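Trainee: I have a structure here, written as structure tokens, and I will follow up with some questions on it.
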Ligand code: C5P
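Numbering (full-length UniProt numbering), first residue to last: 2 to 223.
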């Protein structure tokens with residue numbers, strides 16, 4: 002399609018979500034938080050007492066996921082499940098861990114594929130996740146792969162969780178995040194890895210503004 006798409010992939014806490022929001026705001030584009038879809042599938046599965054071993058049940062939940070995203074004035078996007086705002090409930094590291102389990106199921110990924118592609122609408126889309134550049138938008142205009150040291154990523158996650166008043170401690174967060182990343186990188190289907198044509202940015206020692214500026218300059222010179 003002709004819709005410009007910027008993909009931002011990377012491990013947990015690499016800054017994807019924040020950076021994607023900022024880029025979308027600068028460009029006046031819409032945003033796809035693909036991780037929220039996997040978090041919602043896991044959340045709905047737990048609500049419906051569907052076991053994470055039940056691949057058929059999980060795929061059915063993914064296919065029929067009654068989700069709507071609602072953009073707020075402050076650029077925050079609410080996730081509504083059956084009209085109920087579950088944005089806070091899906092933000093915990095526990096929800097992220099559950100998401101990464103259902104995300105390893107191929108039929109779940111297939112069920113979410115077209116739904117994700119439908120987000121590509123003019124004037125443009127910023128899509129963040131794990132396989133945006135490799136699988137969902139292989140022809141994206143610009144592909145970014147963000148990294149950061151495990152320590153920095155855990156610190157960022159801890160701060161985010163505190164902002165949402167979700168308590169956790171740093172030591173357990175580091176090990177949880179490392180375990181989740183290993184699962185995401187080593188799974189058979191759509192593992193987390195940079196697309197061949199992605200620009201890699203290590204954000205460990207960069208401010209949000211610096212990362213945003215880098216991406217915008219890549220886009221201008223693409
Ligand atoms: O980005 P976020 O932390 O919200 O993602 C939660 C989980 O969803 C990830 O750990 C990953 O397992 C899964 N995910 C995925 N593909 C994406 C986005 C997220 O497999 N495009």
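From the three backbone atoms N, C-alpha and C, an ideal C-beta is built for every residue, glycine too. Nothing here was measured: the structure is a model prediction, and the numbers come from that model.
Could you tell me whether the segment 141-155 touches the segment 79-88, using the rule of 3 or more Cβ pairs below 8 Å?
Mentor: Not touching, per the Cβ criterion.
Trainee: Shorter than 7 Å, the distance from the beta carbon of residue 88 to the closest heavy atom of the ligand C5P, or not?
Mentor: Numbered from 1 along the chain shown, position 87 holds the residue referred to as residue 88. Residue 88: no, Cβ never under 7 Å from the ligand C5P.
Trainee: I need the straight-line Cα distance from residue 54 to residue 221, nearest angstrom please.
Mentor: To locate residue 54, count along the chain shown from 1; it is residue 53. To locate residue 221, count along the chain shown from 1; it is residue 220. Answer to the nearest angstrom: the Cα atoms are 45 Å apart.
Trainee: From residue 227 to residue 130, what does the alpha carbon distance come to, in whole angstroms?
Mentor: Residue 227 lies beyond the residue range present for the chain, which begins at 2 and ends at 223; the question has no answer from this structure.
Trainee: Helix, strand or coil for residue 24? Go by DSSP, reduced to three states.
Mentor: In the chain shown, the residue the question calls residue 24 occupies position 23. DSSP places residue 24 in helix when its eight states are reduced to three.
Trainee: Have a look at residue 179 and residue 173 and give me their C-alpha separation to the nearest angstrom.
Mentor: Looking up residue 179 in the chain shown gives position 178. Looking up residue 173 in the chain shown gives position 172. Taking the straight line joining both Cα atoms gives about 10 Å.
Trainee: Report yes if the C-beta distance between residue 232 and residue 101 is below 8 Å; otherwise report no.
Mentor: Residue 232 lies beyond the stretch modelled for the chain, which goes from 2 to 223, so this question has no answer here.
Trainee: Measure from the alpha carbon of residue 3 to the alpha carbon of each residue in 206, 219, 136, 118, then state which is nearest.
Mentor: Against the chain shown, residue 3 aligns to sequence position 2. The shortest C-alpha separation from residue 3 is found at 118.
Trainee: State buried or exposed for residue 57, treating a residue as buried only when at least 16 other CB atoms are found within 10 Å of its CB.
Mentor: Residue mapping note: residue 57 aligns to position 56 of the chain shown, counting from 1. So residue 57 ends up on the exposed side.
Trainee: Assuming residue 185 and residue 192 form a contact by the criterion Cβ under 8 Å, report the distance between their Cβ atoms to the nearest whole angstrom.
Mentor: For this step, residue 185 is matched to residue 184 along the chain shown. For this step, residue 192 is matched to residue 191 along the chain shown. Between residue 192 and residue 185 the Cβ distance is about 7 Å, and since that is below 8 Å, they are a contact.
Trainee: Whole alpha helix (DSSP H) runs in the segment 54-111 with 4 or more residues, listed along the chain?
Mentor: Segments of the alpha helix (DSSP H) lying fully in the segment 54-111: 56-64, 94-103.
Trainee: Who are the near neighbours of residue 60 in its chain, counting only those whose CB is closer than 8 Å to its CB and skipping five residues on each side?
Mentor: Here residue 60 is taken as the residue at index 59 of the chain shown, counted from 1. The answer, listed in chain order, is 106, 108, 109, 111, 112.
Trainee: Starting from residue 127, trace the alpha helix (DSSP H) in both directions and tell me its first and last residue.
Mentor: Within the chain shown, the letter at position 126 stands for residue 127. First-last for residue 127: 126-130, but that is the beta strand (DSSP E), not the alpha helix (DSSP H).
Trainee: At a threshold of 7 Å, does residue 146 count as lining the ligand C5P (C-beta to nearest heavy atom)?
Mentor: For the purposes of this step, residue 146 is taken as residue 145 along the chain shown, with counting starting at 1. Residue 146 Cβ: outside cutoff for every heavy atom of the ligand C5P.
Trainee: Please name the residue, chosen from 28, 77, 205, that lies closest to residue 12 on a Cα-to-Cα basis.
Mentor: As a first step, residue 12 must be located in the chain shown, where it is residue number 11. Of the candidates 28, 77, 205, the one whose C-alpha sits nearest the C-alpha of residue 12 is 205.
Trainee: Report the rounded CA-to-CA distance for residue 96 versus residue 71, giving the unit in angstroms.
Mentor: Here residue 96 is taken as the residue at index 95 of the chain shown, counted from 1. Here residue 71 is taken as the residue at index 70 of the chain shown, counted from 1. For residue 96 and residue 71, the distance between alpha carbons rounds to 20 Å.
Trainee: Can you give me the Cβ contacts of residue 15 inside the same chain, cut-off strictly under 8 Å, excluding the 5 residues immediately before and after it?
Mentor: By 1-based counting over the chain shown, the position of residue 15 is 14. 147, 148, 149, 154, 204.
Trainee: Check whether the Cβ of residue 132 lies closer than 7 Å to any heavy atom of the ligand C5P, and answer yes or no.
Mentor: Your numbering for residue 132 matches position 131 in the chain shown. Yes, the ligand C5P has a heavy atom inside 7 Å of this Cβ.
Trainee: Report the partner residues of residue 215 according to the DSSP bridge assignment.
Mentor: Taking the chain shown and counting its residues from 1, the one referred to as residue 215 is at position 214. DSSP, once it has assigned bridges, lists no residue as partnering residue 215.
Trainee: Confirm, please, whether the CB-CB distance from residue 94 to residue 34 is below 8 Å.
Mentor: Taking the first residue of the chain shown as 1, we reach residue 34 at position 33. Taking the first residue of the chain shown as 1, we reach residue 94 at position 93. Not a contact, by the Cβ cut-off of 8 Å.
Trainee: Go ahead and pull the three-state DSSP assignment for residue 198.
Mentor: Reading the chain shown from its first residue, position 197 is the one you call residue 198. Residue state, collapsed to three classes: coil.
Trainee: Please report the straight-line C-alpha distance between residue 132 and residue 211, rounded to a whole angstrom.
Mentor: The residue given as residue 132 occupies position 131 in the chain shown. The residue given as residue 211 occupies position 210 in the chain shown. Computed Cα separation, rounded: 24 Å.
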